[in-house]
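**Q**
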Amino acid sequence: MVELKGKDLRDKLLISLKEQVKSVPTQLGLAVIQVGNDEASKVYVRQKEKLALEMGYKFVHHVFDENVAQSEVISYIEELNNDDTIDGILVQMPLPKHLDTTLIQNTIDSNKDVDGLTFVNAGRLVQNMPSLVPCTPKGIIDILDDYNIPIEGKKVVVIGRSILVGKPIANMLTNRNASVAVCHSKSDDISFYTKNADIIVVAVGKAKYLTSDMVSPNTTIIDVGINRIDGKLIGDVDYEEVSKVASYITPVPGGVGPMTVYELMHNVYVAHQLRMKEKKLNNTKKLELTKN
Ligand code: NAP
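The C-terminal residue of the sequence shown carries number 293 in the numbering used here, and the numbering is unbroken.
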């Protein structure tokens, strides 16, 4: 069994990303919006801040009160959309129930949507067009590629169909010519799919959900789950038992998690490039108009 060390890959990729960022004449900027004081959200935002500052990015962290009005959040996002020092905007999930998550996410300018969750970017991904893509799925693809695990023509099962993980990874793997089955809480006999899979991606949010009797030898297991049990981080895979059967497996912690934060930093860089390209195009168009 080979452990897929996302943490080591993150460290390697960060070196080249830092070099790319150095060649950008302006400071890149990331804004994170948080509503309320959810403990897990605070931890995730701190991780993002730490790496953003290490990258030399400007980091703006705005925390709204739990009872904030929706219009206030939307106005703030619109302000950030027009702020030239901000390349990426992210709204930390989950939001309180009185807020319309979809509306808020889609207020973000699609060129600054570093979580890849707007209709525009999700649609572009489905159509296999270049887009800003969600960070966790992109991290999974980078892990598979770095370890030379073939995707094309392979049988893949994704367990979980969230817009953050399950759906985008299923689309990315389909775009890479895998045959993908998506399972969820209403699926019958999930073992039927997992036992016949070359790659299993588990994004369910239930500790040790995937057990060794669900897995055949020579399988690659990607464990996305983060479950806090008695102060310890446990994945969605019963690592101890499944690692005896599988060929490749991501650990928790140290697997998919570190790659997610790396991909966010990478998306900020990509978003900046996108915006600069669009600006240049607009300037050329304006120039052509003044010539005519
Ligand atoms: P989510 O939105 O809660 O989605 C969970 C999915 O699992 C749903 O599609 C649900 O099905 C399915 N599910 C629930 N119980 C099931 C069962 N018994 N059998 C089969 N499917 C079942 O969660 P998420 O945002 O995708 O996150 C999943 C996990 O990944 C969580 O532990 C989260 O903390 C973790 N996560 C980790 C990272 C990272 O960087 N490592 C990033 C994001 C999330 P229905 O659609 O039918 O309800």
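Just so it is clear, CB atoms sit at the ideal spot from N, CA and C, and this is done for glycine as well.
Could you check where the beta strand (DSSP E) with N228 kicks off and where it finishes?
**A** Counted from its first residue, the sequence shown places residue 228 at position 227. Looking at the DSSP string, the run of the beta strand (DSSP E) that includes N228 is 228-230.
**Q** Going by the beta-carbon positions, is the gap between Y194 and V158 smaller than 8 Å?
**A** Looking up residue 194 in the sequence shown gives position 193. Looking up residue 158 in the sequence shown gives position 157. Taking 8 Å as the Cβ cut-off, Y194 and V158 qualify as a contacting pair.
**Q** What's the call for K113, buried or exposed, on a 16-neighbour Cβ count within 10 Å?
**A** As a first step, residue 113 must be located in the sequence shown, where it is residue number 112. Counting Cβ neighbours within 10 Å, K113 comes out buried, since at least 16 surround it.
**Q** Do V25 and H273 have their C-beta atoms closer together than 8 Å?
**A** Along the sequence shown, read from residue 1 onward, the residue named residue 25 stands at position 24. Along the sequence shown, read from residue 1 onward, the residue named residue 273 stands at position 272. Yes; because the gap between Cβ atoms is below 8 Å, this pair is in contact.
**Q** Residues in the same chain with beta-carbon distance under 6 Å from Y249, minus the five sequence neighbours each way, listed in chain order, please.
**A** Here the question's residue 249 lines up with position 248 in the sequence shown. Excluding sequence neighbours, Y249 sits near V3, L5, T221.
**Q** Buried or exposed, going by whether 16 or more other CB atoms sit within 10 Å of the CB of D116?
**A** Counted from its first residue, the sequence shown places residue 116 at position 115. Its Cβ being crowded by 16 or more others within 10 Å, D116 is buried.
**Q** Would DSSP call S180 helix, strand or coil?
**A** The count along the sequence shown starts at 1 and reaches residue 180 at position 179. Of the three classes helix, strand and coil, the one that applies to S180 here is strand, per DSSP.
**Q** Does DSSP classify Y240 as helix, strand or coil?
**A** Mapped onto the sequence shown, residue 240 falls at position 239. In the structure shown, Y240 sits in a helix (DSSP, three-state: H, G or I).
**Q** Let's see if you can read the secondary structure: which residues bound the alpha helix (DSSP H) around G89?
**A** For the purposes of this step, residue 89 is taken as residue 88 along the sequence shown, with counting starting at 1. Taken as a continuous stretch (DSSP letters only), G89 belongs to no alpha helix (DSSP H), being part of the beta strand (DSSP E) at 89-92.
**Q** Quick check: what's the CA-CA separation for L211 versus E241?
**A** Sequence index remark: in the sequence shown, residue 211 carries index 210 (1-based). Sequence index remark: in the sequence shown, residue 241 carries index 240 (1-based). Using only the alpha carbons, I get a separation of about 11 Å.
**Q** In the DSSP assignment, what residue or residues form a beta bridge with A32?
**A** The residue labelled residue 32 in the question sits at position 31 within the sequence shown. According to DSSP, A32 bridges with V61, I90.
**Q** Are there any heavy atoms of the ligand NAP lying less than 7 Å away from the beta-carbon of G161, as far as the coordinates show?
**A** Counting from one through the sequence shown, the residue named residue 161 turns up at place 160. G161 Cβ: within cutoff of the ligand NAP.
**Q** If distances are taken between C-alpha atoms only, which option among L14, N68, K207, I170 comes closest to L52?
**A** Residue numbering aside, residue 52 sits at position 51 when the sequence shown is read from its first letter. Looking at the Cα atoms, L14 is the closest of the given residues.
**Q** Tell me which residues share the same chain as L31 and place their Cβ nearer than 6 Å to its Cβ, disregarding the 5 neighbours each side in the sequence.
**A** As a first step, residue 31 is located in the sequence shown; it is residue number 30 there, counting from the start. A53, Y58, F60, G89, V269, listed in sequence order.
**Q** Would you mind listing the alpha helix (DSSP H) stretches within the region 182-206 that are 4+ residues and don't spill past its ends, in chain order?
**A** The region 182-206 contains these whole alpha helix (DSSP H) runs: 191-196.
**Q** For Y249, does the three-state DSSP call read helix, strand or coil?
**A** For the purposes of this step, residue 249 is identified with residue 248 of the sequence shown, where counting begins at 1. Of the three classes helix, strand and coil, the one that applies to Y249 here is strand, per DSSP.
**Q** Provide the residue span of the beta strand (DSSP E) that contains I235, from first to last.
**A** To locate residue 235, count along the sequence shown from 1; it is residue 234. 233-235 is the span of the beta strand (DSSP E), which, as asked, contains I235.
**Q** Going by CA-CA distance only, name the one from S244, V203, T285, N172 that's closest to R125.
**A** By one-based count along the sequence shown, residue 125 stands at place 124. Per the Cα distances, N172.
**Q** Just grab the DSSP bridge partners of T221 for me.
**A** Position 220 of the sequence shown, counting from 1, holds the residue named residue 221. For T221, which the question treats as bridged, DSSP gives the partners I200, Y249.
**Q** Which residue or residues does DSSP assign as beta-bridge partners of E67?
**A** By one-based count along the sequence shown, residue 67 stands at place 66. Bridge partners of E67: none, in fact.
**Q** So, K156 versus N197, is the Cβ gap smaller than 8 Å?
**A** To locate residue 156, count along the sequence shown from 1; it is residue 155. To locate residue 197, count along the sequence shown from 1; it is residue 196. Contact: yes.
**Q** Is G167 close to the ligand NAP? I mean its beta-carbon at under 7 Å from any heavy atom of the ligand.
**A** The residue you call residue 167 lines up with position 166 of the sequence shown. Yes, since a heavy atom of the ligand NAP falls inside the 7 Å radius drawn around the Cβ of G167.
**Q** If you check the beta carbons only, do T119 and Q128 fall under 8 Å apart?
**A** Stepping through the sequence shown from its first residue, residue 119 is reached at position 118. Stepping through the sequence shown from its first residue, residue 128 is reached at position 127. No. Outside cutoff.
**Q** Starting from the C-beta of P218, find all residues in its chain whose C-beta is less than 8 Å away, skip the five residues before and the five after it, and write them out in chain order.
**A** In the sequence shown, the residue the question calls residue 218 occupies position 217. Cβ within range, chain order: V246, A247, S248.
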